[in-house]
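Q: Taking numbering that gives the first Met the number 0, I'd label the letters of the sequence shown as residues 0 to 485.
Take a look at this one; I'll ask things after.
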Amino acid sequence: MTLTIQTAEDDLRQMTLTIEVDEARVVKAMQKKARELSREVNLPGFRPGKAPYDVLVRRIGEDVLRGEAVEDIIQPIFEEALEQEDIDPYARPTLENIDLKPLVLTFTVPLSPTVTLGDYRSLRQEVEEVTVTDEALEQALEYVRVRHQAIETVDRPAAAGDVVSISGHGRFTSPKPAAEGVEAAEEEADEADSADDDDTIFEEERLDILLDDKTLFPETPFVENLVGMSAGDHKEFSFIFADPYEHEADYAGREALFDVTVLEVKQRDLPELDDELARQEGDFETLEALRESLRDDLMRDAEGAAREKVLDDLIHQLMDGATMVYPPAAVDAQIDTMVDDFKSRLTRSGWQFQDYLNLQGITEEKLREDFSENAESQLKHQLALRQFILDEKLRVEVADIDEKIEKQVARFGNESISDSMRKYYRSGVGFDVISSEVLSEKAYERALAIFSGNAPDLAEAEEEAADAAVDVATDEVVDETTDEAE
């Protein structure tokens, strides 16, 4: 009982798969279905399950029986056809049509995207050297002092360097510029757990603020207005946010009015930067050892940021020079991912997805439409990076994994914890994480080599890596890098 299969591919990497099924196979499926139904159908003169096939056909109707039998065999027939034709669907196929007699099934099967990168090896770009400034190191040391500070309540007006506990509220007195499309939807998800009043910018019953720290409304007079106030003092003040305001684009050029009460004024006593502080901070015998550890941490962060920027620059240039063909289902799958993430963010904020749609007066279809442009951009980003990794024959080697693991566990400074983390990184999710990081670093290093004109010959690079390579899911590092770039 063979399948007669016809295939036709369109210009969007979609295959029309037409499958004609031998009638004998359909009859066999109908007979099996009839046996199942005979246990449920009450036929006079026959015990349950014992009615002859032709009697059941007359009672149920041949068309009904055929239809139910076909439902049972569609999936196995489709899978058999895929195997017979060696077709690997990229996304969920669609059953477009069914002709029952003879049984002919027509599917649309999304195929894997095809990507041809341009002459990216001729790309040149100056890459900034990664450094850690003395200023950044001193700031990190200052954070260490703050972590070990002593704080006491004082009965005097607040001065710069003090911590004040405040209560109060603030609101905008000028309107917010309107946002549209996906930008508006994402803003709503981020702010879904905020107050119902869209003009409210600040609402606290008790909040501690450092009076030389502008992390709350930076580059505004907010903190300066609190200097000189004592416990129990109340004050109203207003100011206009700069335009543009880089810390929060929605605040740009808007006036805000604040009503604040100081609950408590506290004085800080910061410890000296010395060997004793280093010992309090961790397993450091000297202040110099602490400095070196902090410098290493800062360098690692700086290198990570530089890697993301270089890869992002490379990927955008790859996208500009690439020829990509992908099925519409690939974009739909990306939209599915974005919608699922959006729903999760709403849930974490205490919202139900349908309640959000009702409040906004939109449908899920409209939301998906708003996401479509961004989804297509993310898809192209993933496809470009994936093809770059494949074209450059980048592979993860055993030695790379071992070296990366040892670097990671060295940060813990405790042999018992280090041993546990080694086991974690050598299996399951931990191995996927560490190998993805290694592959991302290799992509970064190759991008640097290309930008500087020092990329290795591909044939030589592939030969060197082949013997020591281990399996790693390219899609994992591609997805992670895409998330970082968004």
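C-beta: ideal position from N, C-alpha, C; glycine also.
Values in this document were obtained by computation on a predicted structure and should not be read as measured data.
Quick check: the Cα distance between D418 and D401, rounded to an integer number of angstroms?
A: Position 419 of the sequence shown holds residue 418. Position 402 of the sequence shown holds residue 401. Between D418 and D401, the C-alpha separation is close to 13 Å.
Q: Whole angstroms is fine: what's the gap from L116's alpha carbon to K403's?
A: Translated into positions along the sequence shown, residue 116 becomes position 117. Translated into positions along the sequence shown, residue 403 becomes position 404. The alpha-carbon atoms of L116 and K403 are separated by roughly 30 Å.
Q: Run the CB neighbour count on I97, radius 10 Å, all protein chains shown included, and call it buried at 16 or more, exposed below.
A: For this step, residue 97 is matched to residue 98 along the sequence shown. By the 10 Å Cβ count, I97 comes out exposed.
Q: In three-state terms, what does DSSP make of D258?
A: As a working mapping, residue 258 is identified with position 259 in the sequence shown. Here D258 sits in strand by DSSP.
Q: What are the residues that DSSP puts in a beta bridge with M323?
A: Residue mapping note: residue 323 aligns to position 324 of the sequence shown, counting from 1. Answer is V114.
Q: Have a look at the DSSP bridge pairing and note the partners of D268.
A: In the sequence shown, residue 268 corresponds to position 269, counting from 1. Bridge partners of D268: A149.
Q: If S164 and L206 are in contact, beta carbons under 8 Å, what's the gap, nearest whole angstrom?
A: For the purposes of this step, residue 164 is taken as the residue at position 165 of the sequence shown. For the purposes of this step, residue 206 is taken as the residue at position 207 of the sequence shown. Contact flag correct, Cβ pair sits at about 7 Å.
Q: Can the beta-carbon of L225 be found less than 8 Å from the beta-carbon of I208?
A: Counting from 1 along the sequence shown, the entry for residue 225 is found at position 226. Counting from 1 along the sequence shown, the entry for residue 208 is found at position 209. It is a contact, given that the beta carbons lie within the stated cut-off.
Q: Alpha helix (DSSP H) containing D369: first to last residue?
A: Sequence index remark: in the sequence shown, residue 369 carries index 370 (1-based). Element bounds for D369: 363-390.
Q: Quick test of the definition: if touching needs 3 or more C-beta pairs under 8 Å, does the segment 154-163 touch the segment 264-277?
A: yes
Q: Which value, in whole angstroms, describes the spacing of the CA atoms of A332 and A90?
A: Residue 332 sits at position 333 when you count from the first residue of the sequence shown. Residue 90 sits at position 91 when you count from the first residue of the sequence shown. Each residue's Cα considered, the two are about 8 Å apart.
Q: Starting from R38 and walking both ways along the beta strand (DSSP E), at which residues does that stretch end?
A: Counted from its first residue, the sequence shown places residue 38 at position 39. No beta strand (DSSP E) holds R38; DSSP gives it neither H nor E.
Q: Looking only at its own chain, which residues have a Cβ that is under 7 Å from the Cβ of S371, when we skip the five neighbours before and after it?
A: To locate residue 371, count along the sequence shown from 1; it is residue 372. Once the five neighbours on either side are set aside, the close Cβ partners of S371 are V330, I334.
Q: I'd like the span of the alpha helix (DSSP H) that includes L55, first residue to last.
A: If you number the sequence shown from 1, residue 55 lands on position 56. Residues 52-59.
Q: Going by the CB atoms, is the gap between E302 and V145 shorter than 8 Å?
A: Your numbering for residue 145 matches position 146 in the sequence shown. Your numbering for residue 302 matches position 303 in the sequence shown. For V145 and E302, no; Cβs fall outside 8 Å.
Q: Starting from I433, follow the beta strand (DSSP E) in both directions and report where the run begins and ends.
A: As a first step, residue 433 is located in the sequence shown; it is residue number 434 there, counting from the start. No beta strand (DSSP E) holds I433; the alpha helix (DSSP H) holding it covers 427-451.
Q: For H246, which beta-bridge partners are listed by DSSP?
A: Start at 1 with the first residue of the sequence shown, and residue 246 comes out as number 247. BP columns for H246 are empty, so no partner.
Q: Would you kindly check if the distance between the Cβ of L276 and the Cβ of V143 is under 8 Å?
A: If you number the sequence shown from 1, residue 143 lands on position 144. If you number the sequence shown from 1, residue 276 lands on position 277. Yes. Within cutoff.
Q: Assuming the contact rule is C-beta atoms closer than 8 Å, P112 and L382 should be a hit. Round their C-beta distance to whole Å, please.
A: Along the sequence shown, read from residue 1 onward, the residue named residue 112 stands at position 113. Along the sequence shown, read from residue 1 onward, the residue named residue 382 stands at position 383. Correct: roughly 6 Å between the Cβ atoms.
Q: Is it buried or exposed for V397, if we count other Cβ within 10 angstroms and need 16 for buried?
A: The count along the sequence shown starts at 1 and reaches residue 397 at position 398. Exposed: under 16 other Cβ atoms inside 10 Å.
Q: Does DSSP put D105 in a helix, in a strand, or in coil?
A: Position 106 of the sequence shown, counting from 1, holds the residue named residue 105. In the sequence as presented, Asp is not what sits at residue 105; that position holds Thr. Residue state, collapsed to three classes: strand.
Q: Should the segment 13-28 be called in touch with the segment 97-108, which here means at least 3 C-beta pairs below 8 Å?
A: yes
Q: Taking 8 Å as the cut-off, decide whether the C-beta atoms of F77 and E95 are in contact.
A: Taking the sequence shown and counting its residues from 1, the one referred to as residue 77 is at position 78. Taking the sequence shown and counting its residues from 1, the one referred to as residue 95 is at position 96. Their beta carbons are not under 8 Å apart, which means F77 does not touch E95 by this criterion.
Q: Would you kindly work out how many angstroms separate the C-alpha atoms of E254 and K175, rounded to a whole number?
A: Locating residue 254 in the sequence shown gives position 255, counting from the first residue. Locating residue 175 in the sequence shown gives position 176, counting from the first residue. The straight-line gap from Cα to Cα measures roughly 10 Å.
Q: Helix, strand or coil: how does DSSP classify V162 here?
A: Against the sequence shown, residue 162 aligns to sequence position 163. V162: strand per DSSP, three-state reduction.
Q: Would you decide whether V428 is buried or exposed? Buried here means 16 or more other CB atoms lie within 10 Å of its CB.
A: Against the sequence shown, residue 428 aligns to sequence position 429. Counting Cβ neighbours within 10 Å, V428 comes out exposed, since fewer than 16 surround it.
Q: Going by the CB atoms, is the gap between R12 and P92 shorter than 8 Å?
A: Position 93 of the sequence shown, counting from 1, holds the residue named residue 92. Position 13 of the sequence shown, counting from 1, holds the residue named residue 12. Contact flag unset, no.
Q: Looking at the unbroken alpha helix (DSSP H) that takes in I404, where does it start and where does it end?
A: Looking up residue 404 in the sequence shown gives position 405. Unbroken alpha helix (DSSP H) run through I404: 397-409.
Q: Taking a contact to mean a Cβ-Cβ separation below 8 Å, would you say M29 touches R57 in this structure?
A: Position 30 of the sequence shown, counted from the first residue, corresponds to residue 29. Position 58 of the sequence shown, counted from the first residue, corresponds to residue 57. In this structure, R57 does not lie closer than 8 Å to M29 by Cβ.
Q: Any idea what DSSP makes of V26, helix, strand or coil?
A: Against the sequence shown, residue 26 aligns to sequence position 27. Helix at V26.
Q: Could you tell me which residues DSSP puts in a beta bridge with M420?
A: For this step, residue 420 is matched to residue 421 along the sequence shown. Paired residue(s): none; M420 is not in a bridge.
Q: Can you list, in chain order, the residues of its chain with a C-beta nearer than 6 Å to that of Y250? Leave out the 5 residues immediately preceding and following it.
A: By one-based count along the sequence shown, residue 250 stands at place 251. Closer than 6 Å at the Cβ level, and outside the excluded window around Y250, lie F240, Y244.
Q: Work out the CA separation of D340 and L366 for me, nearest whole Å.
A: Looking up residue 366 in the sequence shown gives position 367. Looking up residue 340 in the sequence shown gives position 341. Between L366 and D340, the C-alpha separation is close to 13 Å.
Q: Among Y52, V26, V25, whose alpha-carbon lies nearest the alpha-carbon of L36?
A: As a first step, residue 36 must be located in the sequence shown, where it is residue number 37. L36 has its Cα closest to that of Y52, out of Y52, V26, V25.
Q: Using 8 Å as the threshold, is the C-beta distance between D161 and L210 below it?
A: Position 162 of the sequence shown, counted from the start, is the residue given in the question as residue 161. Position 211 of the sequence shown, counted from the start, is the residue given in the question as residue 210. Yes.
Q: Looking at C-alpha atoms only, which residue of L313, F201, Y443 is the closest neighbour of L215?
A: Indexing the sequence shown from 1 puts residue 215 at position 216. The shortest Cα separation from L215 among L313, F201, Y443 belongs to F201.
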